[in-house]
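Using the numbering used here, the letters of the sequence shown map in sequence onto residues 20 to 466. The beta-carbon is built from N, C-alpha and C at its ideal position, and this holds for glycine as well. As structure tokens, the structure follows; a few thoughts come after it.
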Amino acid sequence: MARVDVAMPQMGESIAEGTLSRWLKKVGDEVKRDEPIFEISTDKVDAEIPSPTSGILAEILIGEGKTVPVETIVARIETEKGASIAAPAAAPAPAPAPAAAAPAPQAPPAAAASAAPKAPAPAAPVPSVARAAAGSFEERIRAKSSPLVRRMAAEHGVEIAAIAGSGIAGRVTRKDFVSYIESGAPAAPAGLPGAMVVPMGDMHAPAATAWPGDLVEPMSKIRRLTSDHMAMARRVAAHVTTFFEIDLTRVARVRAAMRGGFEAQTGQKLTYLPFIIHAVVATLKRHPILNASVNGTDIIYRKRYNIGLAVALDPTGLIVPVIKNAEDLSLSGITKAANDLALRARTKKLNPAEVQDATFTISNPGGFGGMIGTPIIPVGTTAIIAIGAIEKRPKVITGADGEDTIAVRTCAYFSLSFDHKVVDGADADRFMADLKKTLETVPEAGF
């Protein structure tokens, strides 16, 4: 028999686990290559995962609602017709997985006892940090926590070894780190001298209680993950926001002149957003600190311009698909990419790679009529811009003869949130002034 393993996909280097939220196929169903077979949720994406091959779904090893490390085998597909199909076991056998990243699925009771030293069951108590001897397997695994956890630890001045992890062999996950910080960062366990601890104070708000007649419903998976991610992003960056009003009258004229022919030729709707993305990329090249990332005390200046676009998923939350290498795209290419990503985000058709590695993000509250906003900077970047409602306003214009007149102009408020740890106010304002000039002096022939 030829069976192909189906693994929990890697959703980016900062993602160590995913939740299998729903199976789209059942054991015995025929599947085609690239046909969606299950849905997953992480703090970056809620997406359908395609089959790696054609065949029959022979085994389901991980049930709905289970959270497992990336590369964990969740199912097997039989590629030979007429082969035997295994019904889902009440307790599936352990699936092969990389030693440092993916624990085996829960084993039957008899096997669980012998397997416990290698992969403790979730209910088993996590070995205390104090018992992890220097240079031991547990300590080495803990030190190999994901890049996101290591970056968070460096920015908070916390030793990863001071945190009791819930992952394989005590590996510290993002959830472990967030819980540790929110608990007030207690002193390091005994036996770990020199561990750095930053007192964070009481970060817990009083719990709300339901009143008679209130409706109570649990958060969806994506809402919980978004909540965790936003709270973490707010803590790791020193947020400051600057606001500029930008006159988009020239952009409006160029768009009006191009729109008919462009939409007839490409079949794509031409909005203001592609013009703004194009101008943002050009401006980022002149202000590289806004396209950077922070790793402890190092600044990484990105040479690619991957633009994240915040997309609302009514009513479940939001997602940020990414236009990769936007500096290589024309206005037409940016339009196609933005429209395609937004459509597939709303229909859960995004691939994992399409929601990672943003270097700068654009949010568009103006699409809902919002005038201005103070967006939260995504983890791993130094800035995000929000575009307010684009509308006509009366403005005072100075003519060539020096006379002031009132004219109707197409304007919008742009707000830039930046990480003041590495971006100074002057850097942010110079970037915004440059972007303003770029958009207000668009050539009549367009970009």
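TODO: Locate the beta strand (DSSP E) running through H258, then write down its first and last residues.
DONE: 258-266
- [ ] Since I believe T401 is in contact with V313 (beta carbons under 8 Å), could you give me their beta-carbon distance rounded to a whole number of angstroms?
- [x] 7 Å
Task: Residue environment, T38, which counts as buried when at least 16 other CB atoms sit within 10 Å - done: buried
Task: Limits of the unbroken alpha helix (DSSP H) element including F294 - done: 292-305
Task: Spatial distance of Y324 from I353 (CA atoms) - done: 12 Å
Task: For V255, the first and last residue of its enclosing beta strand (DSSP E) - done: From DSSP, V255 is part of no beta strand (DSSP E) but of the alpha helix (DSSP H) over 240-255.
Open item on the list: What does the alpha-carbon distance come out to for the pair A426 and P413?
Closed with: 6 Å
TODO: Compute the Euclidean distance between the alpha carbons of I338 and T417, then round it to the nearest angstrom.
DONE: 43 Å
Open item on the list: Using CA atoms only, rank isn't needed, just tell me which of F433, G407, P394 is closest to F387.
Closed with: G407
Open item on the list: Given this structure, state the Cα-to-Cα distance separating P307 from A372, to the nearest angstrom.
Closed with: 24 Å
Open item on the list: In the DSSP output, what is W42 paired with across the bridge?
Closed with: F57
TODO: Please name the residue in V50, S436, F450, I59 whose C-alpha comes closest to that of L244.
DONE: I59
TODO: Ignore the nearest five residues each way along the sequence and tell me which others in A331's own chain have a CB closer than 7 Å to its CB.
DONE: L337
Open item on the list: For M238 and M249, I'd like the C-alpha separation in whole angstroms.
Closed with: 15 Å
Task: Where the alpha helix (DSSP H) containing R449 begins and where it ends - done: 444-459
TODO: Go ahead and label E78 buried or exposed: buried means 16 or more other beta carbons lie within 10 angstroms of its beta carbon, across all protein chains shown.
DONE: buried
TODO: Less than 8 Å between the CB atoms is what I'm expecting for K455 and F263, so what's the real figure, rounded?
DONE: 6 Å
TODO: Can you check DSSP and say which residues form a bridge with F379?
DONE: I326
Task: Cβ-based neighbour list, D48, same chain, cut-off 8 Å, excluding 5 preceding and 5 following - done: I75, L76
Task: A357 and L309 closer than 8 Å at C-beta - done: no
TODO: Kindly indicate which three-state DSSP category L309 falls into: helix, strand or coil?
DONE: helix
Open item on the list: With H, G and I counted as helix, E and B as strand and the rest as coil, what does DSSP make of Q29?
Closed with: coil
Open item on the list: Between P69, V168, A173, which has its C-alpha nearest V191's C-alpha?
Closed with: V168
Task: Q336: first and last residue of the uninterrupted beta strand (DSSP E) it sits in - done: The sequence shown places Gly at residue 336, not Gln. Run containing G336: 336-338, per the beta strand (DSSP E) assignment.
Open item on the list: Out of A298, S70, A275, which one is the CA nearest neighbour of K288?
Closed with: A275
- [ ] Starting from the C-beta of A172, find all residues in its chain whose C-beta is less than 6 Å away, skip the five residues before and the five after it, and write them out in chain order.
- [x] I179
Task: Whole runs of the alpha helix (DSSP H) within the stretch 344-368, excluding any shorter than 4 residues - done: 350-365
TODO: Label W42 either buried or exposed according to how many other C-beta atoms from any shown protein chain fall within 10 Å of its C-beta, with 16 as the threshold for buried.
DONE: buried
Open item on the list: What would DSSP say about G286, mapped onto helix, strand or coil?
Closed with: coil
Open item on the list: Going by DSSP in three states, D195 sits in which element: helix, strand or coil?
Closed with: helix
Open item on the list: Quick check on the DSSP output: the beta strand (DSSP E) that includes A181 runs from which residue to which?
Closed with: Premise fails: A181 is in no beta strand (DSSP E) and is neither H nor E.
Task: CA-to-CA distance, R95 to E36, given in whole angstroms - done: 19 Å
Task: Start-to-end residues for the beta strand (DSSP E) that takes in L435 - done: 423-438
Open item on the list: Looking at T290: is its Cβ nearer than 8 Å to the Cβ of T429?
Closed with: no
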